[in-house]
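Residue numbers (this note's numbering): 52 to 772.
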Ligand code: ADP
Ligand code: MG
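Rendered as structure tokens:
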């Protein structure tokens with residue numbers, strides 16, 4: 052008898068075992084059983100009424116067979132006519148010798164293949180088949196149930212593979228089951244051994260469905276138990292409580308705010324304040340559309356941390372954004388950011404200092420920043436990845452705010468946590484709406500808050516798709532840009548490419564479906580083009596991209612923020628966070644090069660200041676799916692709806708891949724678009740399971756799976772370096 056770890060060699064034929072190992076890395080019984088059929092064929096098919104492309108599985112008898120030498124190739128070819136009693140069809144094999152002794156006239160077999168056409172006649176080329184013993188009745192054959200079709204393995208007939216799996220199943224021991232009995236019972240799911248039988252040799256398709264359901268539940272449970280253990284470990288961590296008083300820095304800031312917080316902002320703010328005032332570190336994800344006011348809420352939490360004697364770090368995904376955050380936070384704080392400069396009376400309590408830390412800062416400024424961070428005089432540190440470096444030492448890091456989580460990995464988050472003497476509270480902000488299923492899997496170890504309403508006074512953004520193949524439309528677009536500038540407003544033009552020598556800045560969006568004819572629009576070309584355009588004569592048009600020197604970037608952004616630049620032609624560096632209220636129009640060139648969420652993010656840059664926003668998506672793509680994607684973006688401004696559309700258009704692996712910042716996905720069976728119920732149920736089971744049996748002492752098989760999963764994760768992390 053065999054278990055999952057039993058080697059295939061010796062159990063199945065040497066050639067078959069060899070092919071499986073070479074082509075698919077399949078060495079054990081478990082490996083083979085995990086090779087799941089992609090489809091199942093019913094064999095009620097008859098030979099009448101077939102058309103090219105049909106998959107048939109049929110019991111038929113060989114009527115005639117001839118072997119002849121081939122003219123253009125070596126070897127002999129076998130052509131046979133088979134019949135189901137009423138209809139005939141030809142079958143052909145290019146290697147007659149392997150078949151001529153089996154497919155003799157009169158032989159009865161189960162044939163499986165795809166219908167093709169040769170010289171006007173339908174045929175099955177190289178069908179899989181198995182000769183049926185005469186004593187086996189047609190009825191018994193019919194009872195065999197759906198025939199599995201496996202992923203293609205070179206040099207192995209599907210039929211041979213299926214027979215090989217059947218053989219292995221015949222020798223299978225009862226397998227230890229990682230899915231606890233109570234979970235199985237609650238959802239009426241088969242045990243592991245039955246699951247494999249139902250997948251590989253089902254009586255009907257209902258069994259297949261149940262078995263697949265069970266695999267998804269198992270995967271979801273393993274995942275949720277991993278996350279559950281992480282949550283529990285975190286809950287046992289202790290840290291310092293950080294609460295603001297009612298007369299200090301935070302109150303002074305609130306008094307300065309030129310607007311009222313929305314109800315949603317107040318609610319989230321209260322949650323953050325309560326969680327930071329606990330001895331357990333906060334670990335929260337804040338989702339909200341671009342412009343929903345996340346940054347203001349986060350800043351309040353940072354001020355509370357500072358007021359309570361600690362420091363706060365705000366991590367931005369790019370240098371441009373870090374600079375922008377630093378500037379806007381400093382401006383919002385006004386005199387409150389001038390701590391240490393006014394050194395009399397109580398003023399010192401009600402102020403702090405905000406420092407910037409990025410990779411490309413001049414040495415002097417950098418070492419000054421490091422000194423302030425280490426001394427604790429810098430209450431708020433805004434920066435990029437540079438904050439992770441070992442030389443950066445905080446005096447007392449109390450709160451870490453991460454802007455735009457999707458660009459940071461879990462490991463980096465952990466590295467920052469390690470910078471506090473006690474674990475800091477953590478707040479992650481994202482403007483990319485995360486569907487519930489993804490929140491429960493990828494971010495399953497965090498609590499979530501959502502800001503749903505936009506602050507009052509925000510204007511709707513209208514979006515249109517502009518066909519780039521129509522010169523009149525393109526011209527009209529630039530004229531529209533000219534009119535907007537004439538009206539005193541500013542415009543973004545976004546391009547997928549920089550267009551200098553070292554061009555490699557490609558968008559992360561789905562470009563593979565776009566046949567690459569011309570290279571996509573470039574920033575530098577567009578700047579030249581627009582400067583020469585009559586509609587924009589005399590306007591100030593400047594480039595912006597990641598390879599500009601830091602001081603130039605900074606100067607351009609400052610000039611744009613001050614209204615001294617009319618049109619900013621940029622790569623996606625302006626994707627997130629950049630906030631210029633006077634910018635009202637955005638043109639995206641070759642918009643099909645960007646993903647749905649990315650476009651949604653981008654257009655959130657306009658319509659921020661009480662003026663209506665307009666977004667024009669230019670595209671020359673003739674790929675229908677690309678146009679559909681753009682039309683979807685034009686049709687709604689509901690980020691959650693777009694996230695859903697996005698999710699259904701991408702493969703699951705891509706979704707997770709992106710969310711896990713490039714880490715390889717270990718999710719095989721779960722479908723993030725559809726399996727919300729399973730994931731939610733698994734989360735509940737995992738929580739209950741861990742409450743009763745924290746170390747899984749009574750669930751050794753599940754524990755083993757989890758350790759395996761964690762090993763994979765560690766391996767992936769080390770691979771990444
Ligand atoms: P997000 O970080 O979610 O993109 P921000 O916090 O940057 O949003 O806010 C976007 C803009 O809206 C900023 O100019 C901010 O000052 C402003 N804002 C934030 N909250 C409110 C509010 N409650 N009422 C009016 N304006 C607000
Ligand atoms: Mg923001």
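We put the beta carbon where it would ideally sit given N, CA and C, even for glycine. All of these numbers come straight from a predicted model, not from anything done at the bench.
Subject >> Contact under 8 Å by Cβ, residue 250 with residue 55 >> reply: On the chain shown, position 199 is the one that residue 250 refers to. On the chain shown, position 4 is the one that residue 55 refers to. Using a Cβ distance threshold of 8 Å, residue 250 and residue 55 do not count as a contacting pair.
Original post:
Under a three-way DSSP split, which group does residue 718 fall into?
Top reply: Taking the first residue of the chain shown as position 1, residue 718 is located at position 667. Coil at residue 718, not helix or strand.
Original post:
Considering only residues of the stretch 560-609, which uninterrupted alpha helix (DSSP H) runs meet the minimum length of 4 residues and lie entirely inside it, listed in chain order?
Top reply: The stretch 560-609 contains these whole alpha helix (DSSP H) runs: 574-582.
Original post:
Any chance the CB of residue 630 is under 7 Å from a heavy atom of the ligand ADP?
Top reply: Numbered from 1 along the chain shown, position 579 holds the residue referred to as residue 630. Yes, the beta carbon of residue 630 sits closer than 7 Å to at least one heavy atom of the ligand ADP.
Original post:
Below 8 Å between beta carbons: does that hold for residue 80 and residue 168?
Top reply: The residue you call residue 80 lines up with position 29 of the chain shown. The residue you call residue 168 lines up with position 117 of the chain shown. No; because the gap between Cβ atoms is not below 8 Å, this pair is not in contact.
Original post:
If you measure from the CB of residue 510, is any heavy atom of the ligand ADP nearer than 7 Å?
Top reply: For the purposes of this step, residue 510 is taken as residue 459 along the chain shown, with counting starting at 1. The ligand ADP never approaches residue 510 closely enough for any of its heavy atoms to be under 7 Å from the residue's Cβ.
**OP:** Report yes if the CB atom of residue 134 is closer than 8 Å to the CB atom of residue 117, and no otherwise.
**Re:** Residue 134 sits at position 83 when you count from the first residue of the chain shown. Residue 117 sits at position 66 when you count from the first residue of the chain shown. No, the pair does not count as a contact, with Cβ atoms beyond the cut-off.
Subject >> Contacting residues, own chain, Cβ-Cβ under 7 Å from residue 698 (five flanking each side not counted) >> reply: In the chain shown, residue 698 corresponds to position 647, counting from 1. 486, 706, 723, 724, listed in sequence order.
**OP:** Confirm, please, whether the CB-CB distance from residue 542 to residue 536 is below 8 Å.
**Re:** As a working mapping, residue 536 is identified with position 485 in the chain shown. As a working mapping, residue 542 is identified with position 491 in the chain shown. Closer than 8 Å, so yes.
Subject >> Any non-hydrogen atom of the ligand ADP closer than 7 Å to residue 483 Cβ >> reply: Residue mapping note: residue 483 aligns to position 432 of the chain shown, counting from 1. Outside the cutoff, so no.
Original post:
Is DSSP giving residue 145 helix, strand or coil here?
Top reply: In the chain shown, residue 145 corresponds to position 94, counting from 1. The answer is coil: DSSP assigns residue 145 none of H, G, I, E or B.
Original post:
What's the C-alpha gap between residue 78 and residue 223?
Top reply: Counting from 1 along the chain shown, the entry for residue 78 is found at position 27. Counting from 1 along the chain shown, the entry for residue 223 is found at position 172. Taking the straight line from one Cα to the other gives about 16 Å.
Subject >> Any non-hydrogen atom of the ligand COA closer than 7 Å to residue 690 Cβ >> reply: For the ligand COA, the structure offers nothing, since it holds only the ligand ADP and the ligand MG.
Subject >> Cβ separation of residue 217 and residue 246, assumed to be a contact under 8 Å, to the nearest whole Å >> reply: Taking the first residue of the chain shown as 1, we reach residue 217 at position 166. Taking the first residue of the chain shown as 1, we reach residue 246 at position 195. That pair is no contact at about 16 Å.
Original post:
Which residue spans inside the stretch 149-217 form an unbroken beta strand (DSSP E) run of at least 3?
Top reply: 159-169, 172-176, 179-182, 198-200, all fully within the stretch 149-217.
Original post:
residue 648: beta carbon under 7 Å from a heavy atom of the ligand ADP?
Top reply: Sequence index remark: in the chain shown, residue 648 carries index 597 (1-based). No, the beta carbon of residue 648 sits no closer than 7 Å to any heavy atom of the ligand ADP.
Subject >> Simplified DSSP state of residue 232, which is helix, strand or coil >> reply: What you label residue 232 is simply residue 181 of the chain shown in a count that begins at 1. When DSSP states are grouped into helix, strand and coil, residue 232 belongs to the helix group.
Original post:
Where do the N-terminal and C-terminal ends of the alpha helix (DSSP H) with residue 375 fall, by residue?
Top reply: The residue given as residue 375 occupies position 324 in the chain shown. Residue 375 -> alpha helix (DSSP H) spans 370-384.
Original post:
Of all the options 164, 426, 448, which has the alpha carbon lying nearest to the alpha carbon of residue 327?
Top reply: Here the question's residue 327 lines up with position 276 in the chain shown. The candidate whose alpha carbon is nearest that of residue 327 is 448.
**OP:** Compute the distance between the beta-carbons of residue 182 and residue 153, then report whether it is under 8 Å.
**Re:** Taking the first residue of the chain shown as 1, we reach residue 182 at position 131. Taking the first residue of the chain shown as 1, we reach residue 153 at position 102. Yes. Within cutoff.
Original post:
Looking at the structure shown, is residue 389 part of a helix, part of a strand, or coil, going by DSSP?
Top reply: Taking the chain shown and counting its residues from 1, the one referred to as residue 389 is at position 338. Three-state DSSP puts residue 389 in a strand.
**OP:** On a CA-only basis, which of 453, 636, 467 is nearest residue 533? Give me that one, please.
**Re:** For the purposes of this step, residue 533 is taken as the residue at position 482 of the chain shown. When only C-alpha atoms are compared, the closest one is 636.
**OP:** From the DSSP output, read off the bridge partner residues of residue 50.
**Re:** Because residue 50 is not part of the residues shown, which for the chain are 52 to 772, the question remains open.
Original post:
Would you say residue 682 touches the ligand ADP, meaning its beta carbon is less than 7 Å from a heavy atom?
Top reply: Counting from 1 along the chain shown, the entry for residue 682 is found at position 631. No, the beta carbon of residue 682 sits no closer than 7 Å to any heavy atom of the ligand ADP.
**OP:** Quick one: residues in its chain with C-beta nearer than 8 Å to the C-beta of residue 207, no 5 flanking neighbours on either side, listed in chain order?
**Re:** On the chain shown, residue 207 is found 156 positions in, with the first residue counted as 1. Counting only Cβ-Cβ distances below 8 Å, and skipping sequence neighbours, we find 67, 70, 71, 74.
Subject >> Inter-residue CB distance, residue 664 and residue 657 (contact presumed, cutoff 8 Å) >> reply: Against the chain shown, residue 664 aligns to sequence position 613. Against the chain shown, residue 657 aligns to sequence position 606. Rounded to the nearest angstrom, the Cβ distance from residue 664 to residue 657 is 4 Å, consistent with a contact under 8 Å.
Original post:
In three-state terms, what does DSSP make of residue 343?
Top reply: Your numbering for residue 343 matches position 292 in the chain shown. It is coil, neither helix nor strand.
Subject >> Residue closest to residue 101, alpha-carbon to alpha-carbon, out of 92, 230, 138 >> reply: As a working mapping, residue 101 is identified with position 50 in the chain shown. Comparing Cα-Cα distances from residue 101 to each of 92, 230, 138, the minimum goes to 138.
**OP:** Enumerate, from N- to C-terminal direction, the unbroken alpha helix (DSSP H) stretches of 4 or more residues contained entirely within the stretch 313-337.
**Re:** 314-327
Original post:
For the stretch 74-139, which segments carrying the alpha helix (DSSP H) assignment without a break, of at least 4 residues, lie completely within its bounds, in sequence order?
Top reply: 80-84
Original post:
Do residue 402 and residue 388 have their C-beta atoms within less than 8 Å of each other?
Top reply: Residue 402 sits at position 351 when you count from the first residue of the chain shown. Residue 388 sits at position 337 when you count from the first residue of the chain shown. Yes.
**OP:** Please indicate yes or no: does the CB of residue 312 lie closer than 7 Å to some heavy atom of the ligand ADP?
**Re:** Locating residue 312 in the chain shown gives position 261, where the first residue counts as 1. Yes - the ligand ADP has a heavy atom lying nearer than 7 Å to the Cβ of residue 312.
Subject >> Counterpart residues of residue 60 in DSSP-defined beta bridges >> reply: For the purposes of this step, residue 60 is taken as residue 9 along the chain shown, with counting starting at 1. Answer is 63.
**OP:** Would you tell me roughly how many angstroms separate the C-alpha atoms of residue 313 and residue 531, rounded to the nearest one?
**Re:** For the purposes of this step, residue 313 is taken as the residue at position 262 of the chain shown. For the purposes of this step, residue 531 is taken as the residue at position 480 of the chain shown. Whole-angstrom Cα-Cα distance: 34 Å.
Original post:
CB residue 339 to CB residue 501, shorter than 8 Å?
Top reply: The residue labelled residue 339 in the question sits at position 288 within the chain shown. The residue labelled residue 501 in the question sits at position 450 within the chain shown. For residue 339 and residue 501, yes; Cβs fall inside 8 Å.
Original post:
Given that a residue counts as buried once 16 or more other Cβ atoms are within 10 Å of its Cβ, and exposed if not, what is residue 470?
Top reply: Position 419 of the chain shown holds residue 470. Buried, because 16 or more other Cβ atoms sit within 10 Å of the Cβ of residue 470.
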